[in-house]
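Student:
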Amino acid sequence: MEKQKLESMLIDYIDNRLNTVDKRVVEQELVNNAESYKLYEELKEVMHLMDRSARIEPSAKLRAGFDDLLKEEMTSARQTKTVFFQPALYRVAAAVALLILGGGIGFWISHQREERQLAERERLEALEKQMQITQQMMAMLQNGQSASQRIQGVNVAVSMGKADDEIVNALVKTMNEDPNSNVRLAALDALSKFSDDAAVRKALVTSLQKQKDPVVQISLIQLLVKMKEKSVVNDLRKIVDDEKTMQAVKDEAYSGILRLS
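Residue numbers for the sequence shown follow the UniProt record's numbering, so the first one is 1 and each next one is one higher.
#1: When you compare only the Cα positions, how much space is there between R55 and A198?
#2: According to DSSP, simplified to helix, strand and coil, what is D15?
#3: Cα-Cα, which of Q217, S255, A203 is closest to K173?
#4: What does the alpha-carbon distance come out to for the pair Y40 and N19?
#5: Of the residues L171, Y13, L208, which one's Cα is nearest the Cα of E229?
#6: Mind checking V21: buried by the 16 CB within 10 Å criterion, or exposed?
#7: Could you tell me which uninterrupted alpha helix (DSSP H) segments, each at least 4 residues in length, are contained entirely in the stretch 200 to 242, listed from first to last along the chain?
#8: Under three-state DSSP, which class holds K162?
#9: Which of the three DSSP states is assigned to M246 in this structure?
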């Protein structure tokens, strides 16, 4: 990636202004390119210091102290007698104070930078691990794999504490389209772990209209009722009224209507 474009994207990434696609591109670049990561750290440090500098304001106590000191200096300037070594003494004291202050600020900045770099490395390592798991899961869910391997792929998704859009879409596709009933049930079970997610809930509701496998239909109806998803009542009525629907599915749908109404 060109440095100018990378810098622009990194600045937007630090400010959290990138869309999901560009954010993933930048994170992949940071994981794979040490120079890009170094540039990212430098930009982040500069932007952090600029942001901090913009927010720092002198306290009321500090302003009052400065005013008092200024008055003392003005009073001293009016005096006819001045000790000859005072200016030199002030300059030495000021130099020592600046040296101590500068050393303290330098140490603080260095310490803060190290802490942020460590936290960022840990975040990127976790992100890289999640991406690897996602790639592994996607590969195992391919129809070219055996049914048992596809189920293992679903189990990999379950092991992740949080599912992103890519994982959710893969599980929904598996639940709706996989040729094996056991794999579809496994995908449905995996999605139930993330049912608090609005996108997952919507996918489950939509899936009820598509499912034709009685085993999956019954499990899906039970899950939606457990979720107290009242928006599916009309779909359940359609299932009950459909002459082609298996009686066991109709019974489950009717039971769901009673519990959700």
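Backbone N, C-alpha and C define an ideal beta-carbon position, used for all residues, glycine too.
All values reported here derive from a predicted model rather than from experimental measurement.
Tutor: Answer, in terms of the structure:
#1: Reading the sequence shown from its first residue, position 55 is the one you call residue 55. Reading the sequence shown from its first residue, position 198 is the one you call residue 198. Confidence at R55 is low in this model, with a pLDDT of 49, below 50, so the placement of that residue should be treated as unreliable; the coordinate-derived value is given next. Straight-line Cα distance between these residues: approximately 37 Å.
#2: As a position in the sequence shown, residue 15 is number 15, starting the count at 1. Residue state, collapsed to three classes: coil.
#3: On the sequence shown, position 173 is the one that residue 173 refers to. Nearest option by C-alpha distance: A203.
#4: For this step, residue 40 is matched to residue 40 along the sequence shown. For this step, residue 19 is matched to residue 19 along the sequence shown. Roughly 18 Å separates the two Cα atoms.
#5: Taking the sequence shown and counting its residues from 1, one reaches residue 229 at position 229. Nearest option by C-alpha distance: L208.
#6: Position 21 of the sequence shown holds residue 21. Around the CB of V21, fewer than 16 other CB atoms lie within 10 Å, so the residue is classed as exposed.
#7: As far as the stretch 200 to 242 is concerned, its whole alpha helix (DSSP H) runs of at least 4 residues are 214 to 226, 233 to 241.
#8: Locating residue 162 in the sequence shown gives position 162, where the first residue counts as 1. In this structure, K162 counts as coil in the three-state DSSP scheme.
#9: Here residue 246 refers to the residue found at position 246 of the sequence shown. DSSP places M246 in the coil class of the three-state scheme, outside both helix and strand.
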